[in-house]
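Residue numbers (our numbering): 426 to 549.
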């Protein structure tokens, strides 16, 4: 089973659409109540209009091979980050931020450690 899409609720489609395009996602579907973006690996990410978005404990992770440069460029484009980029004890480098509706996002780079960390459960 492969992850295909993650959808988050937003209160303002144009504002959220612009935010996610600024992050570098490719807009492939757009309407007054919904937008979908293509991620480089083929999965999609979407936003859906809600009267009262309720961001919760979910965090959406976007892997970036150029994490540090991307964060610098986004900060220069006035995107606010809550933290990072910082090396984590689980061997990922992460920068955290929220979209305009408070949905939590993590831009990260894990490389080989994403699937094969030193503590991976042995196959078999």
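Built from N, CA and C at the ideal position, the CB exists for glycine as well.
Remember, it's a predicted structure, so these values are computed and weren't measured experimentally.
- Counting only unbroken stretches of 4 or more residues, the alpha helix (DSSP H) elements lying wholly within the region 441-518 are 492-501, in sequence order.
- Within the same chain, Cβ atoms closer than 6 Å to the Cβ of residue 495 are found at 489, the five residues on either side in sequence being excluded.
- Rounded to whole angstroms, the separation of the alpha carbons of residue 487 and residue 481 is 18 Å.
- Note: residue 431 is bridge-paired with 470 in the DSSP secondary-structure output.
- Counting every other CB atom within 10 Å of its CB across the protein chains shown gives residue 491 a total below 16, marking it as exposed.
- Three or more pairs of CB atoms, one per stretch, sit closer than 8 Å, so the region 431-440 contacts the region 464-482.
- Between residue 499 and residue 465, the alpha-carbon positions lie close to 18 Å from each other.
- Secondary-structure assignment with DSSP links residue 521 through a beta bridge to 508, 531.
- Secondary structure of residue 439 (DSSP, three-state): helix.
- Look at residue 549 here: in three-state DSSP terms it is coil, with no helix or strand label.
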